[in-house]
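Numbering (full-length UniProt numbering), first residue to last: 1 to 80. The structure appears right after this line, and notes come after that.
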């Protein structure tokens with residue numbers, strides 16, 4: 001059977017790869033990384049999101065990058 005090498009380096013039967021595409025499944029069945037170059041698809045999605053107006057309710061909301069809690073702080077003193 002013919003095989004194809006995915007971007008992640010795993011191999012797959014060409015017939016299986018075609019079947020995946022028919023079902024819009026674009027990730028490696030072994031490691032779940034993209035099976036093909038998705039750059040164009042992500043750019044199109046970014047453009048669609050940028051062109052979609054923000055609902056009025058959310059227009060004045062701010063998102064903070066500061067975490068509300070320090071992750072794993074409780075683990076630092078676990079052995080004492």
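From the three backbone atoms N, C-alpha and C, an ideal C-beta is built for every residue, glycine too.
Buried/exposed call for residue 45, threshold 16 Cβ in 10 Å:
With fewer than 16 other CB atoms across the displayed protein chains lying within 10 angstroms of its CB, residue 45 is exposed.
Note the first and the last residue of the continuous beta strand (DSSP E) segment covering residue 11.
Boundaries of the beta strand (DSSP E) around residue 11: 11–13.
Exposure of residue 50, with buried meaning 16 or more beta-carbon neighbours within 10 Å
With a threshold of 16 other beta carbon atoms within 10 Å, residue 50 falls short and is exposed.
Counted within 10 angstroms of its Cβ, other Cβ atoms place residue 28 as buried (16 or more) or exposed:
Around the Cβ of residue 28, a 10 Å sphere holds 16 or more other Cβ atoms; the residue is buried.
Straight-line gap, residue 18 to residue 25 (C-alpha atoms, nearest Å)
Rounded to whole angstroms, residue 18 to residue 25 spans 10 angstroms at the Cα level.
Rounded C-alpha distance that separates residue 4 from residue 40:
Roughly 21 angstroms separates the two Cα atoms.
Tell me, please, which residues DSSP counts as bridged to residue 64.
The partner list for residue 64 (beta bridge, DSSP) is empty, contrary to what the question assumes.
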